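Protein chains in written order, with my numbering: chain U, 342 to 653; chain S, -15 to 644.
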């Protein structure tokens, strides 16, 4: 099977996963609901019955934000006006190349960890569903998922250690190297060139880890393996032996994800929504983008599973 | 100086030159004139120099010693008071190497007394061996930023002394304001500089710890020997260019009535020139030295410089020098955003969207220092607010007049890629550094000498450009609070009166070193008001101001509102009360009690209350609580923004999920 056929089949499988997408979206909304209410209360409290409420309702008040920011703490301190629109997405990408995953608060880190664990739990079920070609009920998905959770959790810890090494050891080392190379540089374009070169191994290792972890999960399901380590070795062998196809598929999937990102950049709503209808529109558009991101992740799993099946 | 090492002339001719220029230097009537010859060796990053000072004792009593600043010794090693001060205690020098440190060493110091009937021809007295480092401020014996030499005989009031100094300056890796990176040099306070003798004969020659500077005005005549092909910009006007046989060029810069000489050189500078012209102000030749990665931003630099010369000139007084050099600092050089007479540095980035507020903001501010610092030469060691606060206030005014709107910018991917949020207008409060001072306001009183301001952590500026500055008590008391204080006075007295006060102060004290009391006196004289209560609340205390519309109610058909004073600071404020029938009442409250109740028997429901509706009290630290609105939309606004934040959180979760 060619890479493009794998991609096509993967897209078809992901398209048939509407229920899974909805369940994941609902899980995402459930996780963020309470923190959102907490933040809303913090903003409301800082506004009081002031005129700033009206200004924020219609647009933005930098003066209010200056005051809010001076006194906010904990979860409330993660709020920034530049997290709106495309800023909501860029912030995450920026975290990967600039400083590792930046969350700003332990609460956000905790929520992020919970959501990651949810995906770790569901990944086994999702891959089984794609492998078996069934449209699962919620109970079936949970059953399939629970079968693999222990193994996927061990893999999650292994990849976590890799990412930790990446951002605690490799990234500081690369930063030091860039600092050394840029030590006497007086042209920002040259400094950027060195920094760009730093991103290549950094992103390369991060994405390679992600790719190998994906194939390890797939092989754990396809071959019903018990040992995560053996599956990992098998995944490494498989990726190495079919490097071109594996990387091409990953790149195509990445491209599809990027297209959605750039489209969202064009239409990402700003802060001028001043009625409930407009706010609802912003919310719906935002959720559509989240749906897109979930769909892209499912497409990664499905396409890579298809390719893996053809390579075995 | 080590003859022959860096100075490409023989020792004998060097000595002859020193004594030849000795005669030239003693003609001015200013307190101190400098004649300097300096040669830069770009391989060793050393400056070899000779300077001759014609110094006059302006004190009312005889002076029996001399004191000099050796600023570059602040970066001699980690033991200096500068590198151990509160403002840089968190600095990281792990990547500094032996050759990165700087120094300034006097190799020979001679004085020559004035002619008297008895002595006949002047005799040079070598005092090199009598020099000793002193630490008048913190007694740190490791600090070598001030050197003292006892004179063999006192200098009488009004008498002149000629001083010849040979020195070697090692240019450091840039730490603060000055240094070398690659082949970009920015040199400020690089030569031995004499301190200031006050009227009582005491030396005002502080160690270089955490402040800026203080010097006498004087004439500077400086020759710089630089590699051929390198561009140069400096304080003063270029009067001579003499190519030498050894592939160097000597540039001569001359300026009168300035109190510092700074210069920059690099082979990479691109040079642009324009002329500022105005119907009632002197013309100014503007020169811009631009780094190649900032090509395309020259118009932005010139527009900001031109606006500053014009508006400061119209508001406060004319810029008299006829020329100014704008230096676009090199990437990573840490020399951006600094002011020196007739030369200043701006600062920008390779990718820099229009309406981001920079380089306009920094250019206005540093060009503005040509007035508040360059011409009003206050003592920055002790009263930094007299130039920084004045200039922050004035910068805000220029920006408001000419450079609005600006928008929030966030720089992504290691700070290289800016994204401008064109639906998020930035307030001048944040761009002028006026935000963020609530927490640091109580750290010290403004009246405390600037060099004594207490410790506090740095804060990152709101431009998000990675620069770290304006820390703690020094920042708030030198920049933010005085700027707000002046804005409050402007609104309290009215622009016409305030502008008259500012221009009178400028005219009266240009080329002088005024104290805060001089400014207070001028403003009270012009306004005809005793403002001592205001100086007491602001300058002499660390009080904060915070007035609020506290609550609104109705008792037995009588609507009322309570306004509050949450802060310690007192200031008379107006209170605007709006009613359901459309009537608006304007009340005056002296603002002295902790709260005041306004009741309106027979009136309709109160719909809105604004304390200080004209925003006279710019010092009010929390403006949001100044208003109370019946039909406020805080719930809707909070939910709207919380939803936007929620979308960010969901996207962050997806990032987690992708890598899980």
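A virtual CB, placed ideally from N, CA and C, is assigned to each residue, including glycine. Note that the structure is predicted; figures quoted are calculated from it, not measured.
Can you tell which of 518(S), 459(S), 534(S) has the C-alpha that lies nearest to the C-alpha of residue 428(S)?
-> If we check each option's Cα against that of residue 428(S), 459(S) comes out closest.
Collapsed DSSP secondary structure at residue 434(S) in the structure displayed | DSSP places residue 434(S) within a helical segment (H, G or I) once states are collapsed to three.
Cutoff 8 Å: residue 471(U) Cβ touching any chain S Cβ | no
For residue 323(S): DSSP bridge partner residues = 328(S)
Using a C-beta to C-beta distance shorter than 9 Å, which residues of chain S count as neighbours of residue 400(U)?
-> 407, 408, 409
Taking C-beta pairs closer than 7 Å, name the residues in chain U that residue 634(S) reaches, listed in chain order.
-> 369, 373, 631
At a CB-CB cut-off below 7 Å, which residues of chain S make contact with residue 461(U)?
-> 644
Assign residue 359(U) to one of three DSSP states: helix, strand, or coil.
-> helix
Report all residues from its chain with a CB closer than 7 Å to the CB of residue 140(S); omit the five preceding and five following residues, and keep chain order.
-> 41, 46
Nearest neighbour of residue 205(S), chosen from 580(S), 238(S), 212(S) [CA to CA] = 238(S)
Say the cut is 7 Å; is the CB of residue 426(U) nearer than that to a heavy atom of the ligand MN?
-> The ligand MN is absent from the structure shown, which contains no ligand whatsoever.
Within the 8 Å Cβ cut-off, does residue 606(S) reach chain U?
-> yes
Enumerate in chain order the residues of its own chain whose CB-to-CB distance from residue 537(S) is below 7 Å, with the five nearest sequence positions on each side excluded.
-> 544
Note down the Cα distance separating residue 613(S) from residue 310(S), rounded to an integer number of angstroms.
-> 48 Å
Own chain residues within Cβ distance below 6 Å of residue 355(U), not counting five before or after = 636, 639, 640, 643
Residue 265(S) by DSSP, collapsed to three states: which one?
-> Of the three classes helix, strand and coil, the one that applies to residue 265(S) here is coil, per DSSP.
Leaving out the 5 sequence neighbours to the left and right, which residues in its chain are closer than 8 Å to residue 317(S) when beta-carbon positions are compared?
-> 158, 163, 165, 168, 170
In three-state DSSP terms, what is residue 475(S)?
-> helix
Exposure of residue 362(S), with buried meaning 16 or more beta-carbon neighbours within 10 Å = buried
Taking 8 Å as the CB-CB limit, is residue 364(U) close to chain S?
-> no
Chain-ordered chain S contacts of residue 431(U) [CB-CB under 7 Å] | 396, 403
Tell me which same chain residues have a C-beta within less than 7 Å of the C-beta of residue 258(S), skipping the five on either side of it?
-> Taken in chain order, the residues that qualify are 270, 286.
Assuming residue 590(U) contacts residue 648(U) (C-beta within less than 8 Å), just tell me the rounded distance between them.
-> 5 Å
Could you tell me the distance, in whole angstroms, from the CA atom of residue 369(S) to the CA atom of residue 501(U)?
-> 51 Å
Which class does residue 598(U) belong to by DSSP, given the choice of helix, strand or coil?
-> DSSP places residue 598(U) within a helical segment (H, G or I) once states are collapsed to three.
Smallest Cα separation from residue 583(U): which of 491(U), 553(U), 385(U), 523(U)?
-> For residue 583(U), the closest alpha carbon among the candidates 491(U), 553(U), 385(U), 523(U) is that of 553(U).
For residue 645(S), write down the residues that DSSP places opposite it in a beta bridge.
-> Given that chain S is displayed from residue -15 to residue 644, the structure contains no residue 645(S) and the question cannot be resolved.
Would you say residue 333(S) reaches chain U, if we count a Cβ-Cβ gap shorter than 8 Å as a contact?
-> yes
First through last residue of the alpha helix (DSSP H) which encompasses residue 500(S) | 500 to 511
Taking only beta carbons into account, state which residues of the segment 352 to 381 of chain S come closer than 9 Å to chain U, listed in chain order.
-> Answer set for the segment 352 to 381 of chain S: empty.
DSSP-derived helix/strand/coil call for residue 580(S) = strand
Is there a Cβ from chain C that is less than 8 Å from the Cβ of residue 581(U)?
-> No chain C is present in this structure, whose protein chains are U and S.
Return the residue from the list 313(S), 495(S), 59(S) that minimises the CA-CA distance to residue 201(S).
-> 495(S)
Measure the alpha-carbon distance for residue 440(S) versus residue 540(U) and round it to whole angstroms.
-> In this prediction, residue 440(S) scores a pLDDT of 45, lower than 50, which makes its location untrustworthy; no coordinate-derived value is stated.
Take the Cβ of residue 581(U) as the centre, count every other Cβ of all protein chains shown within 10 Å, and call the residue buried at 16 or more, exposed below.
-> exposed
Who are the Cβ neighbours of residue 359(S) in its own chain at under 7 Å, not counting the five residues just before and after it?
-> 494, 495
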